[in-house]
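Trainee: In my numbering, the protein residues as written are 1 to 504.
For each residue, glycine too, the CB sits at the ideal point set by N, CA and C.
#1: Counting pairs of Cβ atoms below 8 Å between the stretch 67-82 and the stretch 410-430, do you hit three or more?
#2: On the criterion of 16 or more Cβ atoms from any shown chain inside 10 Å, does residue 413 qualify as buried, or is it exposed?
#3: Measure how close the beta-carbons of residue 512 and residue 492 come, nearest whole angstrom, since I'm counting them as under 8 Å.
#4: Is the beta carbon of residue 50 closer than 8 Å to that of residue 108?
#5: Quick check on residue 92: does DSSP put it in helix, strand or coil?
#6: Near residue 497, which residues of its chain fall below 8 Å by C-beta distance, leaving aside the five closest residues on each side in sequence?
#7: With DSSP as the reference, please indicate the residues paired to residue 519 in a beta bridge.
#8: Which partner residues does residue 456 have in the DSSP bridge list?
#9: Looking at the secondary structure, which residues open and close the alpha helix (DSSP H) in which residue 391 lies?
#10: Among the candidates 294, 237, 198, whose CA atom is the shortest distance from the CA of residue 229?
#11: Please list the terminal residues of the continuous alpha helix (DSSP H) segment that includes residue 492.
#12: For residue 332, collect the residues of the same chain with a Cβ closer than 6 Å to its Cβ; drop the 5 residues on either side in sequence, then sort them by chain order.
#13: Expressed to the nearest angstrom, what Euclidean distance is found between the alpha-carbon atoms of residue 393 and residue 115?
#14: With DSSP collapsed to three states, give me the class of residue 179.
#15: So, under 8 Å CB-CB, residue 196 and residue 183 are touching, yes? Tell me the CB distance rounded to an integer number of Å.
#16: Could you check where the beta strand (DSSP E) with residue 2 kicks off and where it finishes?
#17: Do the stretch 456-463 and the stretch 142-156 touch if we need at least three Cβ pairs shorter than 8 Å?
#18: Starting from residue 128, trace the beta strand (DSSP E) in both directions and tell me its first and last residue.
#19: May I ask which residues mark the beginning and end of the alpha helix (DSSP H) holding residue 264?
#20: In whole angstroms, give me the CA-to-CA distance for residue 233 and residue 325.
#21: How would you call residue 318, buried or exposed, if buried means at least 16 neighbouring beta carbons within 10 angstroms?
#22: For residue 337, tell me which candidate among 371, 349, 322, 443 has the shortest Cα-Cα distance.
#23: Taking buried to mean at least 16 other C-beta atoms within 10 Å of its own C-beta, is residue 123 buried or exposed?
#24: Closer than 7 Å by C-beta to residue 127: which residues in its own chain qualify, once you throw out the five before and the five after it? Chain order, please.
#25: So what's residue 32 in DSSP terms, helix, strand or just coil?
#26: Which of helix, strand or coil does DSSP assign to residue 435?
#27: Between the alpha carbons of residue 470 and residue 476, how many angstroms are there, rounded?
#28: Please confirm whether residue 172 and residue 145 have their CB atoms less than 8 Å apart.
#29: Could you please give the first and the last residue of the uninterrupted alpha helix (DSSP H) stretch that includes residue 68?
#30: Between which two residues does the alpha helix (DSSP H) holding residue 473 run?
#31: Smallest Cα separation from residue 38: which of 28, 70, 45, 63?
#32: In its own chain, which residues sit with a C-beta less than 7 Å from the C-beta of residue 524, not counting the 5 before and 5 after it?
#33: Please report how far the alpha carbon of residue 385 lies from the alpha carbon of residue 202, in whole angstroms.
#34: Once you ignore the five residues that flank residue 165 on each side, which residues in its own chain have a CB closer than 6 Å to its CB?
#35: Just how far apart, CA to CA, sit residue 117 and residue 34?
#36: Specify, as a first and last residue, the run of the alpha helix (DSSP H) that residue 347 falls within.
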């Protein structure tokens with residue numbers, strides 16, 4: 001800086017100073033040893049340190065990756081490592097879709113190290129980096145100075161992938177395609193060079209009007225508690241009632257569909273609003289809710305899941321995307337007991353989903369003075385973090401034409417000022433999103449045999465994600481009808497998970 005001042009350029013040059021990672025204290029006394037967990041390790045090639053990776057030493061040897069992960073999971077109290085198949089790593093890590101990434105990966109607690117056998121890791125004292133980037137010690141720094149930047153301003157944390165677009169804006173050049181979200185860093189600049197616009201919707205919803213109170217096919221469903229089909233009149237909302245439902249439940253507008261050639265309709269009920277994707281029915285189950293489930297008369301029978309589609313459900317069970325018991329009245333509950341609101345879930349995963357809706361949402365609504373929630377399924381069979389096309393799904397699910405979601409998501413929005421409700425928020429918006437792996441077991445949590453109150457919330461927050469990650473994996477775009485400036489919305493969507501903290 002002294003040199004720039006001497007030649008009179010200190011007010012002309014734009015300077016960015018960054019660090020690529022943080023550092024954590026380590027010690028040779030704090031190591032987890034693979035050999036102590038699984039025994040013989042001579043056939044494994046192990047990348048040691050703050051993030052472990054394991055593959056077969058002989059490239060011609062087929063490694064039982066799932067078995068190895070199982071043998072390393074929850075083997076002792078207060079274990080400092082968590083092994084994962086790469087497909088099951090949190091989506092926020094963006095670390096799965098490459099043949100150069102080993103199938104078995106090991107997350108290590110900060111300050112601890114992972115080694116193959118006792119003493120195999122000799123570089124262990126002092127410090128290291130490469131831990132989960134949500135760990136505070138892994139956070140880097142960002143300092144900017146110059147005529148293009150805001151002066152004396154402290155900004156909230158952001159992801160390093162946003163730097164490239166920022167540097168291009170400083171130089172007033174157009175960036176090439178990258179993983180950042182252009183415009184999310186406009187608040188750093190005195191006069192932003194780039195003005196972002198929302199992406200154009202690629203598939204608009206079709207109409208699914210009610211043509212009759214009586215279903216053409218009851219889909220093998222029954223609801224003895226309902227006499228006749230007059231209850232279906234409640235699904236035939238007037239235009240005014242539909243607008244009222246959207247105003248109440250879609251505070252920031254309908255998520256826009258960025259996938260091409262998708263046929264879907266938006267179904268509005270008094271107590272909730274949901275969308276049904278017509279070509280890709282989700283797997284229905286024969287026994288959904290005790291004695292009550294019925295066809296949605298707004299959907300053609302040929303394009304609706306059936307209660308009697310399977311004689312054997314295998315290891316799947318039913319779930320409601322929007323739980324009926326969250327509605328305020330009995331009539332509203334019946335509005336949710338329809339097949340268009342049914343999704344397939346593994347019974348063990350359903351414990352997580354039910355606890356989220358029955359307990360955690362109530363807790364968050366109380367803490368944050370009300371929340372707006374958008375939930376749904378996601379499909380990422382090739383683990384690239386982007387939504388799968390129907391062709392890609394069929395490639396990975398050859399045994400059925402009814403794919404099971406790889407994840408379920410939830411985007412929870414509240415007001416940054418908890419004195420204000422989310423539907424009257426004049427402050428900054430606050431979000432927390434979850435991308436939950438849809439797995440047949442909960443072995444990831446060592447406490448999963450206990451009551452859900454002991455482990456579900458921790459597991460969900462471990463699989464926290466950015467809103468942008470949810471958009472990528474679903475092909476949706478959120479908040480398009482918000483009145484807030486687009487750069488502000490992009491900043492909300494790209495806010496790193498490390499900057500979003502759980503309130504108790």
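Mentor: From the atom records:
#1: no
#2: Within the chain shown, residue 413 is the residue found at index 413, counting from 1. Classification for residue 413: buried.
#3: The chain is shown only over 1 to 504; residue 512 falls outside these bounds and no answer can be derived.
#4: Here residue 108 refers to the residue found at position 108 of the chain shown. Here residue 50 refers to the residue found at position 50 of the chain shown. Yes, these two residues count as a Cβ contact at 8 Å.
#5: Within the chain shown, numbered from 1, the residue matching residue 92 stands at position 92. The answer is helix: DSSP assigns residue 92 an H, G or I state.
#6: Mapped onto the chain shown, residue 497 falls at position 497. Cβ neighbours of residue 497 beyond the five flanking positions: 92, 134, 464, 465, 466.
#7: What the structure shows of the chain is the stretch from 1 to 504, and residue 519 is not part of that stretch, so it cannot be assessed.
#8: Mapped onto the chain shown, residue 456 falls at position 456. Beta-bridge pairing links residue 456 to no other residue.
#9: Position 391 of the chain shown, counted from the first residue, corresponds to residue 391. 390-396 is the span of the alpha helix (DSSP H), which, as asked, contains residue 391.
#10: Residue 229 sits at position 229 when you count from the first residue of the chain shown. For the residues 294, 237, 198, the minimum Cα distance to residue 229 belongs to 294.
#11: As a position in the chain shown, residue 492 is number 492, starting the count at 1. Note, residue 492: alpha helix (DSSP H), 486-494.
#12: Position 332 of the chain shown, counting from 1, holds the residue named residue 332. The answer, listed in chain order, is 270, 271.
#13: By 1-based counting over the chain shown, the position of residue 393 is 393. By 1-based counting over the chain shown, the position of residue 115 is 115. Roughly 37 Å between the two C-alpha positions.
#14: Sequence index remark: in the chain shown, residue 179 carries index 179 (1-based). In this structure, residue 179 counts as coil in the three-state DSSP scheme.
#15: As a first step, residue 196 must be located in the chain shown, where it is residue number 196. As a first step, residue 183 must be located in the chain shown, where it is residue number 183. Indeed they touch by this definition, with Cβ atoms about 3 Å apart.
#16: Within the chain shown, numbered from 1, the residue matching residue 2 stands at position 2. Counting along the chain, residue 2 falls outside any beta strand (DSSP E), though it belongs to the alpha helix (DSSP H) covering 2-6.
#17: no
#18: Residue 128 sits at position 128 when you count from the first residue of the chain shown. 126-128 is the span of the beta strand (DSSP E), which, as asked, contains residue 128.
#19: Within the chain shown, residue 264 is the residue found at index 264, counting from 1. Run containing residue 264: none in the alpha helix (DSSP H); it sits in the beta strand (DSSP E), 264-268.
#20: Locating residue 233 in the chain shown gives position 233, counting from the first residue. Locating residue 325 in the chain shown gives position 325, counting from the first residue. About 20 Å.
#21: As a position in the chain shown, residue 318 is number 318, starting the count at 1. Buried is the call here.
#22: As a working mapping, residue 337 is identified with position 337 in the chain shown. The option with the nearest alpha carbon to residue 337 is 322.
#23: Sequence index remark: in the chain shown, residue 123 carries index 123 (1-based). Residue 123 is exposed by the Cβ-count criterion.
#24: For the purposes of this step, residue 127 is identified with residue 127 of the chain shown, where counting begins at 1. Cβ neighbours of residue 127 beyond the five flanking positions: 23, 24, 25, 26.
#25: The residue you call residue 32 lines up with position 32 of the chain shown. Strand.
#26: Taking the first residue of the chain shown as position 1, residue 435 is located at position 435. Strand.
#27: Your numbering for residue 470 matches position 470 in the chain shown. Your numbering for residue 476 matches position 476 in the chain shown. Distance between the alpha carbons of residue 470 and residue 476 is about 8 Å.
#28: Taking the first residue of the chain shown as 1, we reach residue 172 at position 172. Taking the first residue of the chain shown as 1, we reach residue 145 at position 145. No.
#29: Along the chain shown, one-based indexing puts residue 68 at 68. That run of the alpha helix (DSSP H) goes 65-72.
#30: The residue given as residue 473 occupies position 473 in the chain shown. First-last of the alpha helix (DSSP H) with residue 473: 467-474.
#31: Reading the chain shown from its first residue, position 38 is the one you call residue 38. Ranking the options by Cα distance to residue 38, first place goes to 70.
#32: Beyond the ends of the chain as shown, which are 1 and 504, falls residue 524; an answer cannot be given.
#33: Along the chain shown, one-based indexing puts residue 385 at 385. Along the chain shown, one-based indexing puts residue 202 at 202. If I take the Cα positions, the gap works out to 19 Å.
#34: The residue given as residue 165 occupies position 165 in the chain shown. If we look at residue 165 and ignore the five residues flanking it on each side, its Cβ neighbours are 175, 180, 182.
#35: On the chain shown, position 117 is the one that residue 117 refers to. On the chain shown, position 34 is the one that residue 34 refers to. One C-alpha to the other measures close to 6 Å.
#36: Position 347 of the chain shown, counted from the first residue, corresponds to residue 347. Per DSSP, residue 347 belongs to the alpha helix (DSSP H) from 347-355.
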